[in-house]
Amino acid sequence: MMNPTETIRSIQRNIARVIKGKPVAIEMTVVCLLARGHLLLEDVPGVGKTTLAHSLARSLDCSFKRIQFTSDLLPSDIIGVSIFNRQKQAFEFMRGPIFANIVLADEINRTTPKTQSSLLEAMSEAQISVDNQTYPLAQPFMVIATQNPAEYHGTFPLPESQLDRFLMKLRLGYPMPEEEKKVLERAPSLHPAEELQPIVTAQDVLDLQAQADKIFVDESLTDYLLSIVQATRQTELLSLGVSPRGALALHRAAKALALVRGRTYCLPDDIRELAPIVLSHRVMVARTHGLGLQSVEQAERIIHGIVDSVPVPV
Amino acid sequence: MPLDQAFRIMSVLLTGVSFLALVLGTDLPGWLVFLTGMALLFSFARAIGSTGRRSIQQPVLSATACNVLVLTGFFGFLMDSLASGELLPAGVRFLLVLMVIKLFNLRRTGDYLHLHAISVVMMVAAALGADLWYFPFVLAYLLIGVWALVLFGLTKQGEDLPVPASGLLPGQETTSAPGKVTFPLLRVAGWLAAAVFGLTLLLFYALPRLQTGLYQKSGQGTVIRTAGFSGSVDLGALGPIKQDPRIVMRVELPGRARGENGWLYLRGIAFDHYDGRSWVNQQMGRQRAIHQTTPGIFALPGRRGEDQLSPELFHQQRVFLEPLDTPVLFGAPFMEKISGKLPAVQVDGGGSFYLPFPSAAPIEYVAVSRPPVVLPADLRPVPTAVRYHDAFLRYFTQVPPQSDRIADLARTVAQHARTPFEQAMAIRDHLSRHYRYSLELPVSEQAHPLEEFLFNRKTGYCEHYATAMTIMLRTLGVPARLVTGFLATEWNEYGSYYVVRQQDAHAWVEVYLPYSGWITMDPTPLSNNGGTGGGTRVWAGWRDITDYLRLWWNRVVIQYSAADQITIVRGVQIGSATVGRKVWDSMSGWFNPPPSWRETIVGLYDRSTAILAAGVIAVLTGFCRLLWLRWKQSRYGSVFSKGGTQDERQAVTKLYSDMILYLSSKGIQKPVTTGPLQFLDTIRMQWTDAFPLAATITELYCRGRFGNATLTSDEYTIAKNKLCQLMGLTREQRGEMGLD
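Those protein sequences? They're chains A and B, same order as listed.
Going by the working numbering, the residue at position 126 of the first sequence is 126; the numbering climbs one at a time, nothing skipped.
Going by the working numbering, the residue at position 333 of the second sequence is 647; the numbering climbs one at a time, nothing skipped.
Here it is, written out as structure tokens:
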């Protein structure tokens, strides 16, 4: 296997051939993959959420399944179903689309909570149980879910406890005019992501994940991370602080970011940069500070403020 | 081949060459030779095989094992030196053991430099047992040494580039593609070595030995014009040169302190005939060559030498003579023997020594002389009949015409004297009491300068005094002659020798006494022109030191005196043997309980032993300290230690804090809540010049502070240097200029 830094860079470059002008989003997507996390993309339609997920899957030599979530989607449509086989005189499990390395759950908030929870269970357990039978999921396994914050009509918003399962929540945002121009100019085909060639194998990804685990985090940095988490629990601006699972997520993400940036150790900057992305969807903004459509951005702003108030270890 | 690998190979080769030279030059124990040879071969194979980065190269021995070995080796050395009683060979053996240990513990560049230092010492040790084959080894050593140093410089240059920041800094890719050793580089290094060797040979070996002094700086090296040392001397000839401070010679007195009353007469030529205006040598002028008894030794025939008479009667002077326009060889009266690398030596009737021709280069010789002594017999009145031989009287009582007034004066002055010695004393006292010493005389053509001095002006200098005394004695019938030479008064404290300058030229009188023979008398009163250069004491001290250095240079380099070198080597040998014996004595004194405490205390007060013990203790302490430092270093230096030590982190954190402090004084503040990389970005925005330096420091700080591997000492040094450079920058503040 190549130098990890080089491998990771080439993945990023590959995705960047399709997703223009979003280096941070691409980097964070890779971080999420290496931290064994799941990604929630939340933005208005048409900014490239699906394309990002698609091009990541294409860059890895992995199986990729896409599930379009609708209100009438059933859990068995995701997990699979047992069918009676007449020749064998037995039930046979037909695997659903969840048995893939990268699963794109498009518009996850459009389906019923029952279906949502079946997916989320699979995400956290990395295995599924059907008819007293346990089936492990493929490794690496990553769910990239998208949701549309603008259109809440007829949706089932994910509860905070379930949002917690996602390692990070990203917003892509509109591209800059010149980047958008590039997108228009080089769009001969309908799906540019289809043209991408895989860069690494599934085994490579597993190796990289193992390397991310070995990244060194100094004790003072752990303290720094925990003091940020503490601050979210103590501030009046938030009614619900970050759970220990959130702290764990930030820790893991920071390690993966360090690997992506080519280091063998974490820096305070990693934590600073990741905190809004990893923590903002795990907190609840206090009612006094407005709970509305903009609460997501509000939470990000509050986390930013908290990060800017905690001194960095020297 | 990468540069650092080539450097390693060259270093091992360098050590190998010096080792071979040492093996061929001295007899070393076989096992040691075998061991060292094996270690060298092993290191050589390792150096050829390894291509990785220098800092990652793992040593064969761990630091602890290495220290234990060094300690063992040191005790072995102590035992060895005590058993053999010779410090030098034991030291060489210890050096080899050290080298073997070092060869197994080559970690970073500094270790290779240690290896170089050891090899230099080995070359020096090999030189002590020099032989012809030493020459090619010196050649090879020089060649490889130049290569190694060139490669060292190149690798060092590569290290000073900013450490590749591996993605930490945006846009910075791995920059330090290590340089390669190419054939042109080797060729350049080879030519360089050859040129160095050739130049050295030319400058230090060939040119000074030609002894031509062709292109010497004028005023310093040109032949000094002297006066008073040729066939005839006009009265008043010495006057003009008495102002000239140029150095004519330097005189050492081997085995003797500074002469009594601090002066030393250096006799040049004696004159017997005075024609009223000038002195000439009529009868004594004939020169004959002295036969060399042994090569380089010229002794007056027929004299009883030191081997027959008590050596206290003789004085030795080692004279370093600058190029003069006279072939006279100077020495204290009366010279009997001269030894030195001289082509031939001649002597005249007056006992003066000459070279066949004036030397154009500085020469060195040793003169043995027998100072005149007044025998008690001459203090008693002697019958006139047995006094002097007729022919003798004819030569040495010659007086010029028209000297009646002088004869009258002489009789008046010496009317109470009964012996020639008393007459001479009376005249000397009269002259030195009633006449004034002055160099400021009008240069005038006088018909009778002596009468002018004695009766009209009553002022003059040494020549006038000496001439007056000689002529007055002669009118009384006492044989006397005039001698020119130098009176050395300036003593160099640092080198313990007399400095004789042109202005020390002097003339005095030799009187012949019936029993004692020629004795020296000086009628010239003490002049107070002793302070030659003038100036403060500091200046005088400085002048003495530089003069001593010049003498040393002349002796050791230009003259290349073999005797000096042998003396040095012998001194070292004897010194080491003495030290070894003393150590042994004192050690055995410690181990065997002494008969009484009193003796122990007395023994401790024995100065040399105490100094020696102090020296041994100091060496041991220094050694232990060195070991401790090494141990500490090895703790910090280990690359793979988990977590890193606290000290190391604090050091680099302190360095980073210093940078932040400095930058805040320059107007760039770091809020406590920003991370190091974020702050680096701020620096890039606000002070572009400082950015590369700050980037390196930040990178090293991050690695040292938050990383799981500590910095190597080299990296720490780089960070420190960068900080120094950063503090040297001046920041141009945009907009507000007055803010500092």
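Ideal Cβ placement from N, Cα and C applies to all residues, glycine included.
Let me know if residue i comes out buried or exposed under the rule of 16 or more other beta-carbons within 10 Å of its beta-carbon.
i        : result
B:GLY929 : exposed
A:ASN3   : exposed
B:THR378 : exposed
A:ARG13  : exposed
A:MET110 : Per the sequence shown, residue 110 of chain A should be read as Arg rather than Met. Counting Cβ neighbours within 10 Å, A:ARG110 comes out buried, since at least 16 surround it.
B:TRP856 : exposed
B:SER810 : exposed
B:ASN868 : buried
A:HIS251 : buried
A:LYS255 : buried
Would DSSP call residue i helix, strand or coil?
i        : result
A:GLU125 : helix
B:ILE370 : Note that B:ILE370 scores a pLDDT of 41, beneath 50, so its modelled location is shaky and nothing firm can be said.
B:THR607 : strand
B:GLU636 : coil
B:ARG708 : helix
B:ALA584 : strand
A:TYR174 : coil
A:TYR135 : strand
B:THR773 : strand
B:THR860 : helix
A:SER309 : coil
Using a Cβ-Cβ distance under 8 Å, would residue i count as near chain B?
i        : result
A:LEU41  : no
A:ASP308 : yes
A:THR315 : Summary: the structure shown does not reach residue 315 of chain A, with chain A confined to residues 1 through 314, and so no result is reported for it.
A:VAL312 : yes
A:ASP213 : no
A:TYR265 : yes
A:ARG272 : yes
A:PRO268 : yes
Residue j and residue i - do their beta-carbons sit closer together than 8 Å?
i         : j        : result
B:GLY308  : A:VAL312 : Residue 308 of chain B cannot be examined here, being either before or after the span of chain B that is shown, 315 to 1054.
B:SER746  : B:THR860 : no
A:ALA286  : A:LEU238 : yes
A:LEU274  : A:ALA253 : yes
A:ALA278  : A:GLY241 : Sequence check: residue 278 of chain A is Val here, not Ala. Not a contact, by the Cβ cut-off of 8 Å.
A:GLU92   : A:VAL260 : no
A:ALA122  : A:ILE98  : yes
A:ILE102  : A:ALA57  : yes
B:GLY1018 : B:VAL986 : no
B:ARG815  : B:VAL562 : yes
B:ILE833  : B:LEU840 : no
A:SER227  : A:VAL310 : yes
B:ILE432  : B:GLY387 : no
Could you check whether the Cβ of residue i sits closer than 8 Å to any Cβ belonging to chain A?
i         : result
B:LEU1037 : no
B:PHE333  : no
B:THR967  : yes
B:GLN992  : yes
B:CYS1016 : yes
B:PRO316  : no
B:PHE511  : no
B:THR860  : no
B:THR1105 : There is simply no residue 1105 of chain B to check, as chain B begins at 315 and stops at 1054 in what is shown.
B:MET413  : no
B:GLY344  : no
B:SER398  : no
B:SER325  : no
B:THR1020 : Here residue 1020 of chain B is Phe; the residue named in the question, Thr, does not match the sequence. By this cut-off, B:PHE1020 is an interface position.
B:ALA491  : The pLDDT assigned to B:ALA491 is 43, lower than 50, so where the model puts this residue is not dependable; a value taken from the coordinates is nonetheless given after this. Closer than 8 Å: no.
B:SER979  : no
Continuous alpha helix (DSSP H) assignments of at least 4 residues falling wholly in the stretch 960-1039 of chain B: 960-979, 990-1000 and 1005-1020
Secondary structure, beta strand (DSSP E): runs of 3+ residues fully inside the stretch 20-58 of chain A: 39-42
Contained beta strand (DSSP E) runs [length at least 3] in the stretch 775-834 of chain B, N- to C-terminal order: Listed in chain order, the beta strand (DSSP E) elements of length 3 or more contained wholly in the stretch 775-834 of chain B are 794-802, 804-806, 811-815 and 819-827.
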